[in-house]
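Written below as structure tokens is the structure these notes are about.
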Amino acid sequence: MKCQRCDKPATFHITELTGGKPQELHLCEQHARSYLTESEPEQGGNQSLAGALAQHLAVGQTAEELNRLDQQACPICGITFFEFRKEGRLGCPHDYICFQKEIEPLILNIHGETRHVGKRPKCSPSNTDRQTDLIRLRREMKEAIQSEDYERASQLRDEIRQVEQPR
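Heads up: take any position in the sequence shown, counting from 1, add 515, and you land on the working numbering.
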């Protein structure tokens, strides 16, 4: 779909309710930026989705910044920030630390808090470091198998068994 104001591809699709009737706009990034900054002063204290998009564009991560961020990976489980954005799931508890700067505003926006307050399952593990180690070891073992380093894979298998043993 093309931008309604030029021939570039429309990357922003905005629907506004004016007078109870929906009005759809299909704009490229440049025209969306100008449209959203034009409509910002009229809104006063009310921040609509258009205002939020304008704020996001103003703060806006450029394509280069987003690409750099997407390449960032967790050293424990190996998940990249791009995979998190795509799947909506993290790979291990360490990811909350690894991607803290990017995830914290998202969690705050969704839950209103950045720390868990409430009940926990009775059977929840008390030691997440042990789980993190298992995830790392399993990933390393998988990589060793793929690179046909079977000696290293068997060492990792033994370490996994040792960590899995009940204490």
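The C-beta atom is built at its ideal place from N, Cα and C for all residues, glycine as well. Model, not experiment: these values are computed from the prediction.
Taking 7 Å as the limit between beta carbons, can you name the residues of its chain near Arg-654, skipping five residues before and five after?
Listed in chain order, the non-local C-beta contacts of Arg-654 below 7 Å within the same chain comprise Cys-592 and Gly-593, local neighbours out to five positions each way being set aside.
Between which residues of its own chain and Glu-679 is the CB-CB distance below 8 Å, once the five residues before and five after are set aside?
For Glu-679, where only same-chain residues beyond five positions count, the Cβ hits under 8 Å are Leu-649.
Name the DSSP bridge partner or partners of Ile-684?
With the chain running from 516 to 682 in the structure shown, residue 684 is simply not present.
Report all residues from its chain with a CB closer than 7 Å to the CB of Ala-525; omit the five preceding and five following residues, and keep chain order.
Met-516, Lys-517, Cys-518, His-541, Leu-542 and Cys-543.
So, helix, strand or coil for Pro-608, using DSSP?
Three-state DSSP puts Pro-608 in coil, outside helix and strand.
Have a look at Arg-520 and Asn-582 and give me their C-alpha separation to the nearest angstrom.
The straight-line gap from Cα to Cα measures roughly 28 Å.
Please classify Ala-573: is it buried, with 16 or more other beta-carbons within 10 angstroms of its beta-carbon, or exposed?
With a pLDDT of 48 at Ala-573, under the threshold of 50, the predicted position of this residue should be treated as unreliable, though the coordinate-derived value follows. Burial call: exposed.
As assigned by DSSP and simplified to three states, the class of Pro-524
Note: Pro-524 maps to strand in three-state DSSP.
Taking the alpha carbon of Lys-523 as the point to measure from, which residue in Thr-552, Ala-547 and Pro-608 has its own alpha carbon closest?
Cα-wise, what sits closest to Lys-523 is Ala-547.
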